[in-house]
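In what follows, a structure is listed as structure tokens, so that the remarks can point back to it.
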Amino acid sequence: MSPDTVHSVQSVVFGLDPRWVAGGLFVVTYAVVMSERVNRAIVALLAAGLMIFAGILTQDAAIDGVDFNTLGLLTGMMVIVAVTKRSGVFQYLAIWSAKKVQARPWGILVMLTLVTALLSAFLDNVTTVLLIAPVTLLIAEELRVSPYPFLFSEIFASNIGGTATLIGDPPNIMIGSAVDLTFNDFVMNLSPVVLVVLLVTLVPIYLIWGRKMHAEPQYRERVMRFDEREAITDPRLLKQSLSVLGLVLTAFVLAHPLHLEPATIAMFGGALLLLLANWPHGADEQARNVHHAFTEVEWVTIFFFVGLFIVVHGLDSTGLLRMLAEWLAAATGGDLTVTALSILWVSAIASAVVDNIPFVATMIPLIKSMAPTFGGPEGLMPLWWSLSLGACLGGNGTLVGASANLIVAGLAERAGQPIRFVPFLLAAFPLMLLSIVISTVYIYLRYL
Amino acid sequence: MTARQLMKERPMVLPHTARLRDAARLILEHRFRNVPVVDESGRYLGVVSANRLLQMVLPKAAFMERSGIDSLPFVKDTLADFRERWREVASTPVLECLDTDLETVTPETSIAETLLSLYHNRTSLPVVDATTMRLVGIVSHWSAGAAMVGEGSP
Numbered sequence: 001m002s003p004d005t006v007h008s009v010q011s012v013v014f015g016l017d018p019r020w021v022a023g024g025l026f027v028v029t030y031a032v033v034m035s036e037r038v039n040r041a042i043v044a045l046l047a048a049g050l051m052i053f054a055g056i057l058t059q060d061a062a063i064d065g066v067d068f069n070t071l072g073l074l075t076g077m078m079v080i081v082a083v084t085k086r087s088g089v090f091q092y093l094a095i096w097s098a099k100k101v102q103a104r105p106w107g108i109l110v111m112l113t114l115v116t117a118l119l120s121a122f123l124d125n126v127t128t129v130l131l132i133a134p135v136t137l138l139i140a141e142e143l144r145v146s147p148y149p150f151l152f153s154e155i156f157a158s159n160i161g162g163t164a165t166l167i168g169d170p171p172n173i174m175i176g177s178a179v180d181l182t183f184n185d186f187v188m189n190l191s192p193v194v195l196v197v198l199l200v201t202l203v204p205i206y207l208i209w210g211r212k213m214h215a216e217p218q219y220r221e222r223v224m225r226f227d228e229r230e231a232i233t234d235p236r237l238l239k240q241s242l243s244v245l246g247l248v249l250t251a252f253v254l255a256h257p258l259h260l261e262p263a264t265i266a267m268f269g270g271a272l273l274l275l276l277a278n279w280p281h282g283a284d285e286q287a288r289n290v291h292h293a294f295t296e297v298e299w300v301t302i303f304f305f306v307g308l309f310i311v312v313h314g315l316d317s318t319g320l321l322r323m324l325a326e327w328l329a330a331a332t333g334g335d336l337t338v339t340a341l342s343i344l345w346v347s348a349i350a351s352a353v354v355d356n357i358p359f360v361a362t363m364i365p366l367i368k369s370m371a372p373t374f375g376g377p378e379g380l381m382p383l384w385w386s387l388s389l390g391a392c393l394g395g396n397g398t399l400v401g402a403s404a405n406l407i408v409a410g411l412a413e414r415a416g417q418p419i420r421f422v423p424f425l426l427a428a429f430p431l432m433l434l435s436i437v438i439s440t441v442y443i444y445l446r447y448l
Numbered sequence: 449m450t451a452r453q454l455m456k457e458r459p460m461v462l463p464h465t466a467r468l469r470d471a472a473r474l475i476l477e478h479r480f481r482n483v484p485v486v487d488e489s490g491r492y493l494g495v496v497s498a499n500r501l502l503q504m505v506l507p508k509a510a511f512m513e514r515s516g517i518d519s520l521p522f523v524k525d526t527l528a529d530f531r532e533r534w535r536e537v538a539s540t541p542v543l544e545c546l547d548t549d550l551e552t553v554t555p556e557t558s559i560a561e562t563l564l565s566l567y568h569n570r571t572s573l574p575v576v577d578a579t580t581m582r583l584v585g586i587v588s589h590w591s592a593g594a595a596m597v598g599e600g601s602p
């Protein structure tokens, strides 16, 4: 998002106050996205167009509002994963970890939870669960055990793991990009608490399901017979993918001294991997492979972002968010502790119910406007970490809290093991609250 | 000239109360690719296909779109494991494994349309009476082929 408010045209139709036009448009957009009656990308793009038609933004101002750093990072990583997964490396990893624990169900659950958390720290959460959940279903079917606890833990692990890094979850990408926080900033500030949350979450999961898990020896034997090496379908591609992933991660760590933005690194990595995987092939096959890699990009999410950035920028440019920020600062008496913990809890509850992407997109300019109250941008750091922890971890609260949850539910449904809204809620919401309690203690002790 | 000339009348069918093992017996005995299932008044309900039986003994994860598990080179289950799976699913009612998305024709459908539907199905084509919805015949690649190369009536 561009820095301070760009005061653009603002000669709004019908002589209405631009703040109320933009605010109304924003509320309607939010409501329609929440109703899920119309695809969210369509809603956001229409609303963005209306912001321009209404005279709140010019097209140039609208494009200024689009954070191409976020979009480039997301797209680049999606391309890298699309190519990498064809090597079979993720199935290898899942089978390897199941065999490491002699195919004992609880051991597998712990291993797959850790693998999911680790992968989702570096990859998109939806991608991670799409890679791990199918192998999980396969292993659970071979073991003749219910896949439910495994999938439940993987949902949690994907949202928890994604919180740890700049690239793990869209809210972090957006916050990092808007506030110029580096990959290392996120790792240093969030990964300690993320690790604690992950390990503590496994305790209730053990008490609810783990202690009763049992698989017959002959079925465990089937899983032990799996040959993970044969899951690697393309060893050459595997080497190329892992090299590029390694380079990209190194570049993220060194981004600050190298003066590189995340989008540059991810897009360059994506292009490099496409080059390595394609250069020996003819033009036709190259075109087919590249086309295929690009079709795996979640374009609905990308265009939703584009529309949303414009809508929020329109709202921001009217000064309405600054008014709201001043009002909030007055309500909390300018107290940093109260503000940070309110942001943490409100973000968590909100993200359990609505998509955390629009929520965070709105909160970013709002929090930025609080800078004068807390002594400049430096003073806002506790608020950014609260926003990230609340928005990312809150997604665990309900089945609709994060896209990864819905994806897992969809896969489980097709495997004949549906995950229902209310039973999920009864276990997930208290567990989500537990993670926010841990985050509260962490934020309080470390930053307040 | 219509579907009636291509079809085999009074085809072998399964009652709607049948189980998968009944379907497997008919399919193996007659080398069918599918068997139609009818209700007590002979109305067509769908088919149980040989491919569907295969699907029943394979891991479900291999049949989910976007799952990425489109090959199973790492799974080393033995024939004994698959026999055990088959024993477990053999008493599943055929109604739970019905393919209902096959194209069907009526006895009055033109020959060209019938052949095209057979081509689309890639497996035998049920011929269903338009008013009673009863199954009246089956057009297989063999019955249609025999009619076409003129080796007597099917």
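Top line first, the protein sequences correspond to chains A and B. Read in this note's numbering, the first sequence has 394 at position 394, and its numbers run on one by one without any break. Just add 448 to the spot in the second sequence (first one is 1) and you have this note's numbering. Positions of the beta carbon are idealized from the N, C-alpha and C atoms, including for glycine.
Rounded to whole angstroms, what is the Cα-Cα separation between residue i and residue j?
i, j, result
"Ala-434 (chain A)", "Asn-159 (chain A)", "Checking the sequence shown, residue 434 (chain A) turns out to be Leu, not Ala. One C-alpha to the other measures close to 14 Å."
"Cys-392 (chain A)", "Phe-186 (chain A)", "13 Å"
"Gln-91 (chain A)", "Val-33 (chain A)", "35 Å"
"Leu-238 (chain A)", "Met-77 (chain A)", "16 Å"
"Glu-561 (chain B)", "Asn-499 (chain B)", "25 Å"
"Ile-63 (chain A)", "Ile-310 (chain A)", "7 Å"
"Val-79 (chain A)", "Thr-295 (chain A)", "9 Å"
"Trp-20 (chain A)", "Gly-55 (chain A)", "13 Å"
"Leu-563 (chain B)", "Gln-503 (chain B)", "27 Å"
"Leu-463 (chain A)", "Asp-355 (chain A)", "Chain A is shown from 1 up to 448; residue 463 (chain A) falls before or after that span and cannot be answered."
"Arg-582 (chain B)", "Ala-117 (chain A)", "56 Å"
"Leu-130 (chain A)", "Leu-546 (chain B)", "28 Å"
"Gly-509 (chain A)", "Leu-543 (chain B)", "For chain A, the structure presents residues 1 to 448; residue 509 (chain A) sits outside this window and is missing."
"Met-267 (chain A)", "Gly-72 (chain A)", "6 Å"
"Thr-440 (chain A)", "Thr-264 (chain A)", "34 Å"
"Asp-284 (chain A)", "Gly-307 (chain A)", "34 Å"
"Ser-572 (chain B)", "Gly-585 (chain B)", "10 Å"
"Tyr-444 (chain A)", "Ser-342 (chain A)", "12 Å"
"Gln-290 (chain A)", "Ala-44 (chain A)", "Checking the sequence, you will find Val at residue 290 (chain A) rather than Gln. The alpha-carbon atoms of Val-290 (chain A) and Ala-44 (chain A) are separated by roughly 28 Å."
"Pro-372 (chain A)", "Asp-316 (chain A)", "17 Å"
"Gly-334 (chain A)", "Leu-383 (chain A)", "13 Å"
"Met-512 (chain B)", "Val-485 (chain B)", "26 Å"
So, with DSSP's three-state summary, where would you put residue i?
i, result
"Asp-64 (chain A)", "helix"
"Val-135 (chain A)", "helix"
"Lys-508 (chain B)", "helix"
"Asp-547 (chain B)", "strand"
"Thr-450 (chain B)", "strand"
"Arg-467 (chain B)", "strand"
"Asn-482 (chain B)", "strand"
"Ser-191 (chain A)", "helix"
"Glu-457 (chain B)", "strand"
"Leu-462 (chain B)", "strand"
"Arg-484 (chain A)", "With chain A running from 1 to 448 in the structure shown, residue 484 (chain A) is simply not present."
"Gly-494 (chain B)", "strand"
"Leu-502 (chain B)", "helix"
"Ser-422 (chain B)", "Given a span of 449 to 602 for chain B in the structure shown, any question on residue 422 (chain B) remains unanswerable."
"Ile-438 (chain A)", "helix"
"Gly-282 (chain A)", "coil"
"Val-575 (chain B)", "strand"
"Ile-586 (chain B)", "strand"
"Val-553 (chain B)", "strand"
"Val-115 (chain A)", "helix"
With residue i and residue j assumed to form a contact (beta carbons below 8 Å), what rounded beta-carbon distance in angstroms separates them?
i, j, result
"Val-495 (chain B)", "Asn-482 (chain B)", "4 Å"
"Phe-150 (chain A)", "Leu-112 (chain A)", "6 Å"
"Thr-136 (chain A)", "Glu-154 (chain A)", "6 Å"
"Ile-517 (chain B)", "Ala-528 (chain B)", "Not really, about 23 Å apart at Cβ, beyond 8 Å."
"Asn-125 (chain A)", "Val-300 (chain A)", "About 15 Å separates the two Cβ atoms, so there is no contact after all."
"Val-110 (chain A)", "Leu-202 (chain A)", "6 Å"
"Gln-417 (chain A)", "Pro-217 (chain A)", "At roughly 23 Å, the Cβ-Cβ gap does not stay under 8 Å, so Gln-417 (chain A) and Pro-217 (chain A) are not in contact."
"Ala-255 (chain A)", "Phe-359 (chain A)", "Between Phe-359 (chain A) and Ala-255 (chain A) the Cβ distance is about 26 Å, and since that is not below 8 Å, they are no contact."
"Ala-555 (chain B)", "Arg-452 (chain B)", "Here the sequence assigns Pro to residue 555 (chain B), which means Ala is not the residue at that position. Indeed, because the Cβ distance is near 4 Å, the residues count as touching under 8 Å."
Name the one or two DSSP bridge partners that residue i has.
i, result
"Leu-143 (chain A)", "None; Leu-143 (chain A) has no bridge partner."
"Val-523 (chain B)", "Val-523 (chain B) is not bridged to any residue."
"Pro-541 (chain B)", "B:Arg-467"
Inter-stretch contact at 8 Å, needing at least 3 Cβ pairs: the stretch 217-231 of chain A / the stretch 515-527 of chain B = yes
Cβ pair count under 8 Å reaching 3, the stretch 79-99 of chain A against the stretch 238-249 of chain A: yes
For the pair the stretch 159-172 of chain A and the stretch 121-130 of chain A, tell me if three or more CB-CB distances fall below 8 Å. yes
| said: I want to know whether the stretch 197-212 of chain A touches the stretch 171-188 of chain A - three or more CB-CB distances under 8 Å. | reply: no
Using a beta-carbon distance cut-off of less than 9 Å, what residues from the stretch 498-523 of chain B approach chain D? Checking the listed chains, one finds no chain D in this structure; the protein chains it contains are A and B.
Is the stretch 311-329 of chain A close to the stretch 368-388 of chain A, with three or more CB pairs under 8 Å? yes
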